[in-house]
Amino acid sequence: MKEYNLGPNGGILTSLDLFATKTDEVILAIERWAGQLDYVLVDTPGQIEIFTRTASGAIITEAFASTFPTIIAYVVDTPRATNPVTFMSNMLYASSILYKTRLPLVLTFNKVDVARHEFALEWMQDTEAFQAALDTYSSSTSTLSRTLTLAFDEFYKNTCSVGVSAVSGAGMETFFGAVEASAKEYMENYKADLDKRRAEKERLEADHRRENMERLQRDMGLS
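Following our numbering, the numbering of the sequence shown begins with 263 at its first residue and continues without gaps.
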């Protein structure tokens with residue numbers, strides 16, 4: 263931040279851009295150690311939008327997804343999510359990441375040593391229970407959350423949810439079980455879709471290069 267005279271957000275974004283230029287080196291390093299590793303955890307702290315809504319974030323995500331079975335673990339602060347409006351905000355973020363990356367996603371409710379996550383599972387399975395929790399709130403955000411409840415039914419049904427504690431280690435066996443299941447899902451479903459999208463992208467880029475070359479030749483009177 264001092265070197266480039268940047269604020270906090272600019273510093274995060276620039277750091278991401280600089281890291282994206284080293285992605286190939288990171289991938290090669292992981293490949294060298296692949297025989298000794300079961301999992302590679304990539305932490306992406308900071309504002310979600312900076313990683314999921316930028317070209318650099320997409321480059322990093324696609325680099326991993328095109329090389330290894332890759333899943334997204336969306337970590338929820340469980341004590342804060344006991345507020346139904348905050349819970350719905352997290353679900354909005356999680357679903358947007360799912361549809362943006364098109365990768366398997368595991369909803370990971372952290373800090374279950376402080377607050378158990380069963381309430382969240384109930385809200386995802388029983389819309390009436392979530393509506394009842396919202397009744398104690400009267401605001402525009404609670405009204406929006408109420409409206410979105412039914413829209414998330416399919417998302418809840420197709421998303422794996424686990425509870426963990428980074429402090430006590432509770433739930434980690436279940437978490438890695440979900441990771442294994444999601445990796446299998448990646449190989450069966452997402453890899454084919456990723457390869458298809460990559461081939462389409464390469465085709466469009468080739469068409470664009472050909473059109474540019476033809477335009478250049480016309481401008482130079484070569485055809």
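By construction, the Cβ of each residue, glycine as well, lies at the ideal position given by its N, Cα and C atoms.
Since the structure is predicted, the reported quantities are computational estimates derived from the model, not experimental observations.
Residue burial is scored here from C-beta neighbours: M350 has at least 16 other C-beta atoms within 10 angstroms and is therefore classed as buried.
Within the stretch 369-444, the complete beta strand (DSSP E) runs of at least 3 residues fall at 422-425.
For L456, the secondary structure class from DSSP, reduced to helix, strand or coil, is helix.
Excluding the 5 residues flanking it on each side, S357 has same chain C-beta neighbours closer than 6 angstroms at F417, in chain order. Straight-line spacing of the CA atoms in A335 and L369 works out to 6 angstroms.
Bridge pairing for V337: T370 [DSSP]. Shown here, V347 sits in a helix according to DSSP, grouped into three states. Exposed is the label assigned to N271, since fewer than 16 other Cβ atoms lie within 10 Å of its Cβ.
For V302, no alpha helix (DSSP H) encloses it, and the DSSP letter there is neither H nor E. The stretch 361-379 makes contact with the stretch 441-457: 3 or more CB pairs, one atom from each, lie closer than 8 angstroms. The distance from the Cβ of A377 to that of P341 is about 4 angstroms, consistent with a contact at the 8 angstroms cut-off.
Ranking A282, D339, S430 by CA distance to the CA of T323 puts A282 first.
CA-to-CA, the gap between L406 and D481 works out to about 55 angstroms. Taking a contact as a CB-CB distance under 8 angstroms, the pair M353 and F414 counts as one, their CB atoms being some 6 angstroms apart. Between G425 and H470, the CB-CB gap reaches or exceeds 8 angstroms. Only buried fits K373, as 16 or more other CB atoms lie within 10 angstroms of its CB.
Taking a cut-off of 8 angstroms on C-beta distances, the stretch 314-330 touches the stretch 291-304, as three or more cross pairs fall below it.
Per the coordinates, the alpha-carbon of L280 lies some 39 angstroms from the alpha-carbon of L383.
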